[in-house]
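Since the structure comes first, as structure tokens, the remarks are kept for the end.
Next up, the structure:
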């Protein structure tokens, strides 16, 4: 396996990989570009932790799709940050919930979550000699989360460069595309095999269960995440066969 | 107790409070300025965790010094971030240590530690309705840690404002003063009582032991932290009585 430290350009990457549709597409995107790609997943007591359990199988699936990807795929890291959940719970113990609702954000919003993820990712890159971070933040389906905005990601990139005295490029290949285009990107990167892998093996449903089988994968079919995924799939299929 | 949410200016503060000399001085600085001050401490498996054990006693000591401080002192929060330690250990498992040493940073450097601390602090402020963060970062005794620099702190402040869509002011009262001036600041804030409290009850020694008693407090007297503390105390005393 090529060692990122051995390349002149220090071209190793770390992909934020939760096991969902977006981060799996991003991991494929990284494998298509960088000679060495490690993965990082965060366990912070999220409700849909079943997503995390899918990571090993997805990594194996990606390795089966392409010998080059198999060669490039490096170590997986799982980081436990229970403190993120603890801080969220704090909201339930104090009379400030109305103020949060007034901002239009759900009570489940974990403030600064992506900043924490990116900072831990950069710390790991620092330690592992990796220079690129690949992450699935997206403004297009921006659900009111300010830490998904491109402006925020760029500010974090600048703060990390100063705080670690080293440059990490943060790549967000999904920033400006919608869910239909994310499926199309998967097809472009890995053909029908990757589309099938993502459809059948990634988890999106908020309820944390595999549920029933739909055209677009498994889930409850009712929650906002399932509906967003179904709508994206339908637009993707319509564009592919009907466009 | 006044509730920060009840004030028009939303003037509540959160002080990063490790139980050391610097953060105890910063907590006193915050108590002298803000109507409501909560404290946050981080447990990340640091070697000198004895420092954390001193926090409760120091909070009691500060409350005894001034009835106003007692009234203003709010809840204490301890956040466990073991992942920070886990990422540091990663260095020991890979052949990249020479590169780190070449930067002049010790192997114990935890990359981005202060960015993680400030992000968690801001998340807690968000949840608790607090607007000010008080932290002990200092450029003067800057040991090569890029995340202590004022430039880094300002970049993090900007990234947090974007990522949480809310403004948090980060105050670093020690940024431009040396250890002698930190003692003088304590005297200014809380007189001889505060100087005594900090001298006798804060922990600085890297070895994590109370050790012997010196003019400047307890410690091994030999490690870099003890020597820095001793030198600062001597300059402070010389300035007070001999200047």
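Chains as they are written, first to last, in our numbering: chain A, 1 to 243; chain B, 1001 to 1243.
The C-beta atom is built at its ideal place from N, Cα and C for all residues, glycine as well.
What you are looking at is a predicted structure, and each value in this text was computed from that prediction instead of being measured.
- With contact defined as three or more Cβ pairs closer than 8 Å, the region 228 to 242 of chain A and the region 1153 to 1160 of chain B are not in contact.
- Contact between residue 1202 of chain B and residue 1020 of chain B holds: their C-beta atoms lie close to 5 Å from each other, under 8 Å.
- Taking the beta carbon of residue 160 of chain A as reference, the chain B residues within 8 Å of it are 1112, 1115, listed in sequence order.
- A distance below 7 Å between beta-carbons, with the five flanking residues on each side excluded, links residue 54 of chain A to the following residues of its chain, in chain order: 19, 201, 202, 203.
- Residue pairing for residue 165 of chain A: DSSP places it in no beta bridge.
- If only uninterrupted beta strand (DSSP E) runs of at least 3 residues are considered, those enclosed by the region 27 to 53 of chain A are 37 to 43.
- If you check the CB distance, residue 179 of chain A and residue 235 of chain A come in under 9 Å.
- Neighbourhood of residue 80 of chain A in chain B, by CB distance below 9 Å: 1082, 1083, 1086, in chain order.
- Look at the region 1161 to 1180 of chain B: the residues with a C-beta under 9 Å from a C-beta of chain A are 1161, 1162, 1163, 1164, 1165, 1166.
- The Cβ atoms of residue 1125 of chain B and residue 1045 of chain B lie no closer than 9 Å to each other.
- Following the DSSP letters along the chain, one finds residue 1191 of chain B in no beta strand (DSSP E) but inside the alpha helix (DSSP H) bounded by residues 1179 to 1201.
- Residue-level contact check: residue 1151 of chain B touches chain A, since one or more beta carbons of chain A fall below 9 Å from its beta carbon.
- The beta carbon of residue 1070 of chain B lies closer than 7 Å to those of 1063 in the same chain, with the five residues before and after it left out.
- When rounded, the separation of the alpha-carbon atoms in residue 1148 of chain B and residue 173 of chain A is 32 Å.
- Contact annotation: in the region 118 to 129 of chain A, residues whose CB is within less than 8 Å of a CB in chain B are 119, 120, 122, 123, 124, 126, 127, 128, 129.
- In the pairwise beta carbon analysis, the region 1184 to 1192 of chain B is classified as not touching the region 180 to 190 of chain A: fewer than three pairs are separated by under 8 Å.
- For residue 75 of chain A, there is no enclosing alpha helix (DSSP H); the residue is found in the beta strand (DSSP E) stretching over 73 to 80.
- Two segments are said to touch when three or more pairs of C-beta atoms, one from each, lie closer than 8 Å; by this definition the region 1072 to 1079 of chain B does not touch the region 1210 to 1228 of chain B.
- Excluding five sequence positions before and after residue 1233 of chain B, the CB atoms of its chain that fall closer than 7 Å to its own CB belong to 1183, 1215, 1216, given in chain order.
- Minimum Cα-Cα distance from residue 85 of chain A among the listed residues B:1127, B:1111, B:1084 corresponds to B:1127.
- In this structure, residue 1134 of chain B keeps its C-beta atom at 9 Å or more from the C-beta atom of residue 1205 of chain B.
- For residue 200 of chain A, not one C-beta of chain B is nearer than 9 Å to its own C-beta.
- Contact check for residue 118 of chain A against residue 79 of chain A fails: the beta carbons are separated by 9 Å or more.
- Sequence-distant Cβ neighbours of residue 1170 of chain B in its own chain, meaning closer than 6 Å and more than five residues away, are 1133, 1153, 1157.
- Where residue 126 of chain A is concerned, the enclosing alpha helix (DSSP H) starts and stops at 113 to 128.
- DSSP places residue 1014 of chain B within a strand segment (E or B) once states are collapsed to three.
- Residue state for residue 1236 of chain B is assigned as helix, using DSSP reduced to three classes.
- With its beta carbon less than 9 Å from one in chain B, residue 155 of chain A belongs to the interface.
- Put simply, the CB of residue 1035 of chain B is far from chain A, with every gap to its CB atoms at 9 Å or more.
- Judged by DSSP in its simplified three-state form, residue 1149 of chain B adopts coil rather than helix or strand.
- Residue 219 of chain A is bridged by DSSP to A:211, A:212.
- Minimum Cα-Cα distance from residue 42 of chain A among the listed residues A:115, A:68, A:181 corresponds to A:115.
- At a cut-off of 9 Å between beta-carbon atoms, residue 76 of chain A makes no contact with chain B.
- For residue 60 of chain A, the enclosing alpha helix (DSSP H) has its first and last residue at 55 to 65.
- Taking the Cα of residue 1167 of chain B as reference, the smallest distance to any Cα among B:1110, B:1130, B:1120, B:1226 is reached at B:1130.
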